[in-house]
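Colleague: Heads up: the protein sequence lines correspond to chains D and S, in order.
Take the first sequence: its letters are residues 545 to 850, numbered as in this note's numbering.
Take the second sequence: its letters are residues 12 to 519, numbered as in this note's numbering.
All C-beta atoms, glycine included, are put in the ideal place defined by N, C-alpha and C.
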Amino acid sequence: MKSRPMFRRSPLVPGPSTMTPRQALARRSFLKSVGSGLIALPFVDMLADSVARAADDQPLKFIGIYHPHGISAEYWAMKDGDTETSFDIAYENCSLAPFDDAATYGKSYKDKIIAIEGIELLSSANGHDTAATILTGSRVSGKPSNLSLDQYLAVTLGLGSSNKVASAALAVGTDGSEAGMTLSYGEGGAPLPKIIDPVKAFDLFFAGFVIGDDPAAAELAARQRALGKSVIDFLDGDINRLRGKVGPREQQKLDQHLTSLRELESNSRRRCRRPLVPHRTSPIPPSSPPSRRTMAASPTTTSSPT
Amino acid sequence: MVTVDGLNILPARIRRLTNAEYNASVQALLGTSESPADEFPPDTRQHGYTTNEAQRVDPVLSRALDASATALAAAARADFDNLAPCADATGGAEACAQSFIASFGEKAYRRPLDDDDRASLLALYEAGAEGASYEDGIELVIRGILQSPGFLYLTEIGDGTVTDNVATLTPHEVASEVSYTITGGPPDAALLEAAVDGTLDTPEGVEAEVRRLFATEAGQTHAVQLIREWLGIDRIAATAKDATIYPDFAGVRDAMGQETADFVREVLKTTPGTVADFLGADWTVIDPALASVYGVSGSGRVDTPDRIGLLNQGAFLSVYGHAHETAPVLRGVAVMRRVTCFDIELPTNLNVQIVPPVPDPTKTTRERFEVHALDADCAQCHRNIDPLGFSFELFDSMGAYRAEEWPKDATAGIPIDSVVEVGFGMDFDGPYDDSNALAKALAASPTVQDCFARQVFRSAAAEGQSSDPYEKSFHDLWEAVPSDQQGALLDILVTYAKSQLFTLRGAP
């Protein structure tokens with residue numbers, strides 16, 4: 545066969561050396577502005593604004609949202625005349641319209657948005673599994689090779705340590721953790737489990753909180769915290785004794801276990817009021833049909849690349 | 012790499028219990044019928060198997076473990092009269108606690124306790140009982156034990172003695188290894204007795220225990236799980252189809268999973284239990300609903316000359332089927348990877364970056380997938396994969412028989428073409444009328460028998476990612492046993508369990 549008109553061959557994924565000068569420049573200036581604090585750029589203004597608000601308001605949060613299967617680009621992508629900081633998202637059926645809807649949400653958040661477009665993921669994976677690259681920056685061979693940005697911030701840098709829950713991966717749809725199905729990865733690119741059940745997500749954030757100001761309930765909660773601390777101290781000692789008997793590869797498993805316990809411990813230290821428990825109306829089926837919107841890590845791809 | 016007598020010895024290691032192993036372990040320990048791990052995050056898999064070195068305790072699991080341990084310990088209070096009796100819970104509480112720790116702790120850790128174990132557990136008891144009751148202390152000890160490394164991890168590290176970089180597993184470690192490998196649960200009393208009296212110090216002693224446990228209910232259940240994970244068909248429980256195209260699927264999905272279990276048990280009961288028996292049987296065990304989908308009269312054990320072996324049963328055909336149409340590629344790849352151990356790379360790893368043409372809905376499934384042959388890059392793999400998959404076209408995406416297909420706009424059904432020519436250098440290369448003929452050839456293939464032994468080893472040795480050198484050593488041992496002991500699942504497990512690969516570990 546001389547020609548293959550049925551096939552459109554996409555360009556090979558460009559490596560760093562094949563990046564066009566314009567791409568390279570855009571990327572460099574972006575990194576430079578973040579790294580050196582060139583406050584002329586709006587992105588840095590936004591960061592400064594966030595930090596200022598965090599100081600007197602709430603802790604900083606990092607949220608990554610992934611929308612598998614996507615939305616047709618005409619409903620969100622930049623249009624002719626748009627720039628990274630000046631754009632229209634109020635047009636009919638725009639998927640970003642809620643961010644510019646003061647009538648419903650009290651104010652517009654449009655000036656908090658910065659659009660970044662045209663980033664080559666360089667994942668070497670197929671379109672679905674490329675999700676694993678988004679927060680890891682890693683090539684994907686079954687899984688990425690390093691942890692994801694959310695885990696770096698929350699665990700490695702410890703920015704989540706003052707929160708009851710340092711980090712969480714929530715999703716709608718399946719709880720699969722293959723490369724195309726989650727954004728969140730621990731050390732070595734190990735996929736982190738996701739929560740797909742809203743009641744479990746509620747428990748994660750609020751279980752153990754005291755309801756109301758009942759002194760008996762508060763006393764009980766204090767005892768529960770003390771018992772939880774005793775268990776964690778016990779586990780900590782036992783794991784460290786086993787750690788001394790095994791080699792480096794196995795020590796890494798136990799180190800991860802110890803890290804998880806520290807998170808459990810910070811969990812048990814909190815005392816806050818608990819909101820009302822949500823009412824479950826129907827069970828979550830183990831394999832609900834593919835659904836779309838996911839937070840901080842997730843997706844659902846059911847069709848396999850064939 | 013540590014070698015002994017030319018064998019590559021697995022490294023000293025610890026392995027976290029899988030979810031199924033956790034359930035079996037708490038049930039044996041507490042007599043509960045609960046399966047708390049069904050609520051845990053799903054197991055990590057390597058080579059398709061849940062037993063592997065990648066199982067970790069991450070923050071989500073540690074919370075789930077704590078919640079499970081707390082609930083189980085609270086529920087156990089109702090049984091404290093048996094579990095932690097104490098005649099004098101006021102004056103003699105501490106003595107009672109020590110006695111409980113000694114018996115319960117040893118059972119939970121599957122080994123004798125040392126002084127550190129006893130001291131840390133007693134401290135935990137005191138924390139729970141202080142300002143409260145004896146029962147409160149015992150409850151906290153149970154809560155701690157159920158999350159402790161002694162309970163959660165299987166250790167293969169020996170007693171600390173190392174000779175020429177080699178550690179020999181302790182008899183209790185061997186007992187746990189035998190038990191979790193064969194039954195997926197902790198050692199029973201007879202196996203612990205064999206650990207203590209020296210029986211497990213000899214290959215013959217290990218073999219006897221392996222054969223005894225394999226025949227138990229737990230052993231048979233675990234064999235079903237091994238076969239399911241081998242073919243990836245345990246995923247039937249999470250398989251879904253488009254209900255507008257396959258309205259009957261949801262009603263028989265569970266029956267398909269049950270068919271696998273009943274069929275595997277029947278194979279083990281009535282045949283030698285070789286891969287030929289699993290892949291070549293011309294019968295199955297089904298309920299009436301599934302019989303109607305299969306177009307078979309009767310239920311229970313029925314003859315199915317047009318549905319040969321596991322590969323032509325509902326679970327395999329449905330798991331490897333898309334929601335709306337058959338999946339010749341998934342079926343072909345599953346046969347290659349799982350049944351023949353022929354590794355094929357993902358397109359992305361081969362740097363094949365092709366946007367496939369939009370499928371033409373007026374063509375049959377086979378015609379649409381045959382466009383693979385038109386592109387040289389695609390064809391390099393798909394000429395091997397697709398014929399295997401096309402042979403299954405007589406079965407739709409939920410495994411029901413179909414003689415014809417109705418593509419869009421068709422005015423008449425188009426007869427299914429399941430005739431293929433397999434040819435990628437295998438001992439079963441050749442022409443086949445359909446997947447039943449193919450299954451019979453696979454059942455008789457030495458390559459497939461060889462692959463089955465490797466797969467059983469991958470599951471049993473639980474090494475996962477870097478199993479190659481160990482697998483090679485196991486394969487050397489397996490090739491050396493008499494040919495009539497190479498095929499059966501139980502014999503393959505015995506070959507591993509009797510070997511030095513089973514009882515020796517490279518020092519950390």
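Just verifying my parser: in three-state terms, what is the DSSP assignment at S/GLU415?
Modeller: The answer is strand: DSSP assigns S/GLU415 an E or B state.
Colleague: S/LEU301 to S/TRP294, Cα distance in whole Å?
Modeller: About 14 Å.
Colleague: Can you name the residues of chain D whose CB is closer than 8 Å to the CB of S/GLN158?
Modeller: The answer, in chain order, is VAL775, LEU779.
Colleague: In chain S, what lies closer than 7 Å to D/VAL790 by C-beta?
Modeller: Here the neighbours are ALA23, ILE25, ILE168, PRO519.
Colleague: Could one say the Cβ of D/LYS797 lies closer than 7 Å to chain S's Cβ atoms, at least one of them?
Modeller: At least one chain S Cβ lies under 7 Å of D/LYS797.
Colleague: Between the stretch 44-58 of chain S and chain D, which residues of the former have CB atoms less than 9 Å from a CB of the latter, in chain order?
Modeller: Answer set for the stretch 44-58 of chain S: GLU50, PHE51, PRO52, PRO53, THR55.
Colleague: Roughly how many angstroms separate the alpha carbons of S/GLY209 and S/PRO182, rounded to a whole number?
Modeller: Each residue's alpha carbon lies about 8 Å from the other.
Colleague: So, does the CB of S/GLY155 fall closer than 7 Å to a CB anywhere in chain D?
Modeller: Yes - at least one Cβ of chain D is within 7 Å of the one on S/GLY155.
Colleague: D/GLY730 touches chain S at which residues, Cβ-Cβ below 7 Å?
Modeller: Here the neighbours are ASP69.
Colleague: For S/LEU237, which of helix, strand or coil comes out of DSSP?
Modeller: Looking at S/LEU237 - three-state DSSP - the assignment turns out to be helix.
Colleague: Distance, Cα to Cα, S/PRO519 vs D/ASP626?
Modeller: Distance between the alpha carbons of S/PRO519 and D/ASP626: 60 Å.
Colleague: Less than 6 Å between the CB of D/TRP620 and some heavy atom of the ligand FMN, yes or no?
Modeller: Absence of the ligand FMN is noted for the structure shown, with no ligands found whatsoever.
Colleague: Taking S/GLU64 as the reference, give the member of S/VAL152, S/TYR164, S/ASP92 with the closest Cα.
Modeller: With distances taken between Cα atoms, S/GLU64 lies closest to S/TYR164.
Colleague: In the DSSP assignment, find the unbroken beta strand (DSSP E) run with S/ILE25 in it and report its ends.
Modeller: Counting along the chain, the beta strand (DSSP E) containing S/ILE25 begins and ends at 24-27.
Colleague: Whose Cβ in chain S lies nearer than 7 Å to the Cβ of D/PRO642?
Modeller: Near D/PRO642 there are no residues of chain S at all, since even the closest Cβ is about 30 Å away, more than 7 Å.
Colleague: Please list the partners that S/LEU135 has in chain D, where partner means a Cβ-to-Cβ separation under 8 Å.
Modeller: The contacting residues are SER774, VAL775, PHE778.
Colleague: DSSP state of D/LEU666, grouped into three classes?
Modeller: Here D/LEU666 sits in coil by DSSP.
Colleague: Can you name the residues of chain D whose CB is closer than 9 Å to the CB of S/ASP127?
Modeller: The answer, in chain order, is GLY781, ASP782, ARG785.
Colleague: Is S/ASP92 buried or exposed, if buried means 16 or more other CB atoms sit within 10 Å of its CB?
Modeller: Exposed.
Colleague: Let me make sure I understand the geometry here. Which of S/ILE297, S/HIS335, S/PRO398 has the alpha-carbon closest to that of S/VAL346?
Modeller: It is S/PRO398.
Colleague: Expressed to the nearest angstrom, what Euclidean distance is found between the alpha-carbon atoms of S/ARG342 and D/LYS708?
Modeller: If I take the Cα positions, the gap works out to 46 Å.
Colleague: Under 7 Å between C-beta atoms, does S/SER36 make it to chain D?
Modeller: No, S/SER36 does not count as interfacial toward chain D.
Colleague: Can you find at least 3 beta carbon pairs, one from the stretch 76-93 of chain S and one from the stretch 151-166 of chain S, that sit closer than 8 Å?
Modeller: Yes, the stretch 76-93 of chain S touches the stretch 151-166 of chain S.
Colleague: Kindly indicate the opening and closing residues of the alpha helix (DSSP H) around S/GLU150.
Modeller: Here the alpha helix (DSSP H) through S/GLU150 covers 145-156.
Colleague: In whole angstroms, what is the alpha-carbon distance linking D/GLY579 and S/TYR60?
Modeller: Reliability of the predicted coordinates at D/GLY579 is poor, the pLDDT of 37 falling under 50, and the value obtained from them is presented with this limitation in mind. Distance between the alpha carbons of D/GLY579 and S/TYR60: 44 Å.
Colleague: Put S/TRP489 into one of helix, strand or coil per three-state DSSP.
Modeller: Helix.
Colleague: Kindly list, in the order they appear in chain D, the residues whose Cβ is closer than 8 Å to that of S/ALA65.
Modeller: Here the neighbours are ALA734.
Colleague: Determine whether the Cβ of D/LEU679 lies closer than 7 Å to any Cβ atom of chain S.
Modeller: Cβ-Cβ to chain S under 7 Å: no for D/LEU679.
Colleague: Quick one: give me the first and last residue of the alpha helix (DSSP H) that S/ASP314 is part of.
Modeller: Segment 311-314 is the beta strand (DSSP E) holding S/ASP314; no alpha helix (DSSP H) there.
Colleague: S/GLY196: buried (16+ other C-beta within 10 angstroms of its C-beta) or exposed?
Modeller: Flag for S/GLY196 reads buried.
Colleague: By Cβ distance, which residues of its chain are closer than 7 Å to S/LEU7, with the 5 residues on each side in sequence left out?
Modeller: The question about residue 7 of chain S has no answer, for chain S in this structure spans 12 to 519.
Colleague: Is there a C-beta anywhere in chain S that falls below 7 Å from the one on D/GLU807?
Modeller: It does: the Cβ of D/GLU807 has a partner Cβ on chain S nearer than 7 Å.
Colleague: Between the stretch 620-640 of chain D and chain S, which residues of the former have a C-beta closer than 8 Å to a C-beta of the latter?
Modeller: The residues in question: there are none.
Colleague: Just confirm the distance between the C-beta atoms of S/ALA229 and S/THR194, as a whole number of angstroms; I'd bet it's less than 8 Å.
Modeller: Confirmed, Cβ separation roughly 4 Å.
Colleague: Check the DSSP bridge columns for S/PHE406 and list the partner residues they point to.
Modeller: S/PHE406 is bridged to S/TYR412.
Colleague: What residues from chain S crowd round D/LEU714, counting only those whose CB sits closer than 9 Å?
Modeller: Going along chain S, no residue has its Cβ under 9 Å from D/LEU714, so there is no contact; the nearest lies around 11 Å.
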